[in-house]
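What follows is a short report on a single structure.
Residue numbers (our numbering): 65 to 108.
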């Protein structure tokens, strides 16, 4: 979804590469259980 990236909003627009803050938070939420398991921690 290009709307979740900052780059298309630039003038002139660039290809989607850098997630927005909201998209970064969603990515972190989704990978946290796996990262916690790898590190021997618990999801927060």
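For glycine and all other residues, C-beta sits at the position ideal for the given N, C-alpha and C.
Asked	Found
Short CB-CB distance (under 8 Å) between residue 104 and chain B	No chain B appears in the structure shown, which is made up of a single protein chain.
Chain-order list of residues whose beta-carbon lies under 6 Å from that of residue 96 (same chain, five-residue window excluded)	107
N- and C-terminal bounds of the alpha helix (DSSP H) containing residue 93	85-103
7 Å Cβ shell around residue 82 - same chain, five flanking residues per side excluded	69, 70 and 71
8 Å CB neighbourhood of residue 87 in its chain, flanking five on each side removed	68 and 69
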